[in-house]
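All the letters of the sequence shown, read from the start, carry residue numbers 22 to 270 under this note's numbering. Glycine included, C-beta positions come from ideal geometry on N, C-alpha and C. Data block below; observations after.
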Amino acid sequence: MFPSVNRASTEYVRTREEKILRKRRAGLLVLFGVLPLTIGAGIALAQGGGMATAQLEDADGNPVGEATFTEGPNGITINANLQPGQDAAGPGAHGVHIHETGETSPDFEAAGEHFNPSGAQHGLENPEGPHAGDLEDIVVNEDGSASYQTLTNRVTLSGGENSILDSDGSTLIIHAGSDDQETDPSGESGGRVIAGVIRASQTGESTTPAGKKDLPKSGGTNVLLPAALGAISVVILGGGVLIRQLRRT
Ligand SMILES: [Cu+2]
């Protein structure tokens with residue numbers, strides 16, 4: 022026999038199999054990773070706005086969660102999630118505001134005052150208010166997790182004086198205590214315990230660093246619709262591509 026020939030042909034087969042496997046893996050990555058994100062972002066943009074994200078960190082710079090900002094016909098939907106186990110913000114209600122500067126270094130005071138281009142007073146219940154950056158409290162669970170969604174039409178991502186993506190940026194800040202929604206200038210909400218600079222995002226992709234577990238996304242209508250359409254497209258496209266690849270093999 023000719024063992025060398027046999028070995029060569031075995032290697033040939035293996036290489037061919039690996040190539041096919043690699044192709045399939047790349048196909049799956051596109052189908053389940055890139056496509057849904059692209060489709061979701063496309064629909065969100067078509068709905069009339071952009072997207073932004075903020076990676077939320079504690080005062081020591083440890084990631085504790087993330088927030089997304091999606092502009093739609095009725096304003097900006099803000100989703101924020103805090104990871105279970107984080108203890109920068111303890112259980113209970115905490116004031117949340119958009120602050121006027123996109124800066125968290127050397128400490129969270131660098132973010133400046135509340136985003137307030139109209140010169141109003143603080144508080145959603147203040148007759149002379151509110152600041153454009155005033156938001157409802159976030160409620161943290163016993164395990165440190167939190168899932169927050171709110172809608173505001175006082176800020177935009179797209180331009181004008183109410184844009185939180187203005188030249189000096191903006192920062193989402195969570196405070197140590199709850200916001201009384203009345204006392205100027207910050208509702209007696211105490212120190213700044215969690216912050217994240219708000220950054221424009223074309224894809225709505227997670228800003229969570231590699232290796233960190235992605236946080237669960239809470240489903241508002243602005244998120245659900247693109248997700249559902251994305252899933253349908255994936256099933257249709259995925260079926261077609263997989264059938265083609267199976268035929269090739
Ligand atoms: Cu604040």
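Same chain only: Cβ atoms within 6 Å of residue i, ignoring 5 sequence neighbours per side
| i | result |
| --- | --- |
| residue 242 | In this prediction, residue 242 has a pLDDT of 40, which is less than 50 and means its spatial position is unreliable; what the coordinates show is noted afterwards. Result list for residue 242: empty, nothing under 6 Å. |
| residue 67 | Below a pLDDT of 50, predicted positions are generally treated as unreliable, and residue 67, at 48, falls in that range; the measurement from the model is reported next regardless. Result list for residue 67: empty, nothing under 6 Å. |
| residue 277 | Lying outside 22 to 270, the shown extent of the chain, residue 277 is not represented and no answer is given. |
| residue 37 | none |
| residue 129 | 213 and 216 |
| residue 39 | none |
| residue 240 | Low per-residue confidence applies at residue 240: pLDDT is 36, beneath 50, and the placement is therefore not dependable, though the value from the model is reported in the following sentence. Nothing listed; no residue qualifies. |
Residue range of the beta strand (DSSP E) that includes residue i
| i | result |
| --- | --- |
| residue 79 | 72-79 |
| residue 178 | Counting along the chain, residue 178 falls outside any beta strand (DSSP E), and DSSP gives it neither H nor E. |
| residue 98 | 96-103 |
Whether residue i touches residue j by CB criterion (8 Å)
| i | j | result |
| --- | --- | --- |
| residue 172 | residue 96 | yes |
| residue 83 | residue 169 | no |
| residue 103 | residue 166 | yes |
| residue 193 | residue 221 | no |
| residue 195 | residue 159 | yes |
| residue 204 | residue 113 | no |
| residue 87 | residue 75 | yes |
| residue 107 | residue 147 | no |
| residue 210 | residue 200 | yes |
7 Å Cβ shell around residue i - same chain, five flanking residues per side excluded
| i | result |
| --- | --- |
| residue 134 | 120, 121 and 206 |
| residue 105 | 164, 165 and 166 |
| residue 212 | 196 and 197 |
| residue 161 | 103, 110, 111, 112, 113, 115 and 167 |
| residue 71 | 92, 178, 179 and 221 |
| residue 141 | 149, 150, 151 and 152 |
| residue 139 | 153 |
| residue 123 | 189, 190, 191, 192, 218 and 219 |
| residue 230 | For residue 230, the predicted model reports a pLDDT of 42, less than 50, meaning its position is unreliable; a value from the coordinates is still stated below. These residues qualify, in order along the chain: 84. |
| residue 183 | 138, 153, 175, 176 and 177 |
| residue 233 | Confidence at residue 233 is low in this model, with a pLDDT of 40, below 50, so the placement of that residue should be treated as unreliable; the coordinate-derived value is given next. Closer than 7 Å at Cβ, skipping near neighbours: 84. |
In DSSP terms, what residue i is bridged to
| i | result |
| --- | --- |
| residue 84 | 78 |
| residue 193 | 119 and 217 |
| residue 222 | 72 |
| residue 159 | 115 |
| residue 93 | 96 |
| residue 168 | 102 |
| residue 135 | 120 |
Sequence-distant residues of its chain with Cβ nearer than 8 Å to residue i (five each side left out)
| i | result |
| --- | --- |
| residue 136 | 118, 119, 120, 121, 152, 153, 154, 176, 185 and 191 |
| residue 125 | 78, 131, 132, 192, 216, 217 and 218 |
Residues proximal to ligand 1 by C-beta, any heavy atom closer than 5 Å: For ligand 1, the selected residues are 118 and 194.
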